[in-house]
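S.K.:
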Amino acid sequence: MKHPFTRILAAPYILSIPQKNEEYSTKILEALKEFIDHCKLINIKSLKRFFQLGINDVIKGVEASDYNLVIVDDGLQPKILRQHFYIQCAYQKIVTGSVVGLSCELKPFFKISRITCLGFLKTPINASVDEIQEFDSLVAYIQSITKPVTIPWMSDSLPLPTVLTFKSNPDKSAKRKARKAQCKMKKTK
Numbered sequence: 007m008k009h010p011f012t013r014i015l016a017a018p019y020i021l022s023i024p025q026k027n028e029e030y031s032t033k034i035l036e037a038l039k040e041f042i043d044h045c046k047l048i049n050i051k052s053l054k055r056f057f058q059l060g061i062n063d064v065i066k067g068v069e070a071s072d073y074n075l076v077i078v079d080d081g082l083q084p085k086i087l088r089q090h091f092y093i094q095c096a097y098q099k100i101v102t103g104s105v106v107g108l109s110c111e112l113k114p115f116f117k118i119s120r121i122t123c124l125g126f127l128k129t130p131i132n133a134s135v136d137e138i139q140e141f142d143s144l145v146a147y148i149q150s151i152t153k154p155v156t157i158p159w160m161s162d163s164l165p166l167p168t169v170l171t172f173k174s175n176p177d178k179s180a181k182r183k184a185r186k187a188q189c190k191m192k193k194t195k
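Structural data, given as structure tokens:
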């Protein structure tokens, strides 16, 4: 083994992210759609009672520890931006996940161009008791099917947050083409 310390210094930000199949992504997206239908979230204003949208708002919320859970679209590029969410959430002990097709599946509900990430608020705003119970069960369900992410420089004695990711296609261009085709198919339906 030649110069192991040099290799660690050369790539200190390599995260160990467990891989899962797309079945988990489908389950999460269906649970989100069911929640959206149940609570009649038909526009951005109603959505913001439970979630924060977009990179800037979610990063601010993570830094303020406003969330129970953060979900990032697996298509978010560059990859280092997704890793930034994992690292920030790890420091704040917030569960985070990466869902394939988050933007494609949810943007038609709210008539917006893109959903890169969702931050699940710890305390929903102006929600009924029934909606809060439904929201808490959704968060608990998603958290229950996640696995931990390993961040090398964090102490082993600290409890690590978890991350949910899915099996990726080694050919990135084929993966992008498949997502675009999937979005186009859903638009035509």
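All residue numbers in the sequence shown are consecutive under my numbering, ending with 195. Just so it is clear, CB atoms sit at the ideal spot from N, CA and C, and this is done for glycine as well. All of these numbers come straight from a predicted model, not from anything done at the bench.
Taking the alpha-carbon positions, what's the Q144 to K128 distance?
M.R.: Position 138 of the sequence shown holds residue 144. Position 122 of the sequence shown holds residue 128. Residue 144 is actually Leu in this sequence, not Gln. Rounded to whole angstroms, L144 to K128 spans 12 Å at the Cα level.
S.K.: Output the distance between the C-alpha atoms of C189 and F41, rounded to the nearest integer angstrom.
M.R.: Position 183 of the sequence shown, counted from the first residue, corresponds to residue 189. Position 35 of the sequence shown, counted from the first residue, corresponds to residue 41. C-alpha separation (whole angstroms): 22 Å.
S.K.: In whole angstroms, give me the CA-to-CA distance for A146 and L75.
M.R.: Indexing the sequence shown from 1 puts residue 146 at position 140. Indexing the sequence shown from 1 puts residue 75 at position 69. The straight-line gap from Cα to Cα measures roughly 9 Å.
S.K.: The ligand HEM and P114: does any heavy atom of the ligand fall closer than 6 Å to the residue's C-beta?
M.R.: With respect to the ligand HEM, the structure shown offers nothing to examine, as it has no ligands at all.
S.K.: Anyone know if the C-beta pair for I61 and T102 falls short of 7 Å?
M.R.: Within the sequence shown, the letter at position 55 stands for residue 61. Within the sequence shown, the letter at position 96 stands for residue 102. Not closer than 7 Å, so no.
S.K.: Please list the terminal residues of the continuous beta strand (DSSP E) segment that includes G103.
M.R.: Taking the sequence shown and counting its residues from 1, the one referred to as residue 103 is at position 97. 101 to 105 is the span of the beta strand (DSSP E), which, as asked, contains G103.
S.K.: Can you tell me whether Q58 is helix, strand or coil according to DSSP?
M.R.: Indexing the sequence shown from 1 puts residue 58 at position 52. Looking at Q58 - three-state DSSP - the assignment turns out to be strand.
S.K.: Taking 6 Å as the limit between beta carbons, can you name the residues of its chain near K39, skipping five residues before and five after?
M.R.: Locating residue 39 in the sequence shown gives position 33, counting from the first residue. Nothing meets the Cβ criterion.
S.K.: Give the DSSP bridge partners of G125, in chain order.
M.R.: Here residue 125 corresponds to residue number 119 of the sequence shown, with the count starting at 1. DSSP output for G125 lists Q58, V76 as bridge partner(s).
S.K.: If you drop the 5 nearest sequence neighbours on each side, which residues of the same chain put their C-beta closer than 8 Å to that of M191?
M.R.: In the sequence shown, residue 191 corresponds to position 185, counting from 1. Answer for M191: no residue qualifies.
S.K.: By DSSP, does L166 sit in helix, in strand, or in coil?
M.R.: The residue you call residue 166 lines up with position 160 of the sequence shown. In this prediction, L166 scores a pLDDT of 46, lower than 50, which makes its location untrustworthy; no coordinate-derived value is stated.
S.K.: Could you check which residue in Y73, A70, I65, F126 has the C-alpha nearest to that of L87?
M.R.: As a first step, residue 87 must be located in the sequence shown, where it is residue number 81. Checked all of Y73, A70, I65, F126; the closest Cα to L87 is I65.
S.K.: Measuring CB to CB, does I34 end up less than 7 Å from V105?
M.R.: As a position in the sequence shown, residue 34 is number 28, starting the count at 1. As a position in the sequence shown, residue 105 is number 99, starting the count at 1. In this structure, V105 lies closer than 7 Å to I34 by Cβ.
S.K.: Please classify I65: does DSSP put it in a helix, a strand, or coil?
M.R.: By one-based count along the sequence shown, residue 65 stands at place 59. In this structure, I65 counts as helix in the three-state DSSP scheme.
S.K.: For Q94 and A70, what's the separation of their Cα atoms in angstroms?
M.R.: As a first step, residue 94 is located in the sequence shown; it is residue number 88 there, counting from the start. As a first step, residue 70 is located in the sequence shown; it is residue number 64 there, counting from the start. Cα to Cα, the separation comes out at about 11 Å.
S.K.: Can you look up P130 in the DSSP assignment and give me helix, strand or coil?
M.R.: Here residue 130 refers to the residue found at position 124 when the sequence shown is read from its first residue. P130 falls in the coil class under three-state DSSP.
S.K.: Which term fits D142, buried or exposed, when burial requires 16 or more other beta carbons within 10 angstroms of its beta carbon?
M.R.: Within the sequence shown, the letter at position 136 stands for residue 142. Exposed, since its Cβ has fewer than 16 Cβ neighbours within 10 Å.
S.K.: Classify Q89 as helix, strand or coil using the three-state DSSP reduction.
M.R.: As a position in the sequence shown, residue 89 is number 83, starting the count at 1. Residue state, collapsed to three classes: helix.
S.K.: Could you check whether P114 and R55 sit closer than 7 Å to each other, using their CB atoms as the reference points?
M.R.: Your numbering for residue 55 matches position 49 in the sequence shown. Your numbering for residue 114 matches position 108 in the sequence shown. No, the Cβ-Cβ distance between R55 and P114 is not below 7 Å.
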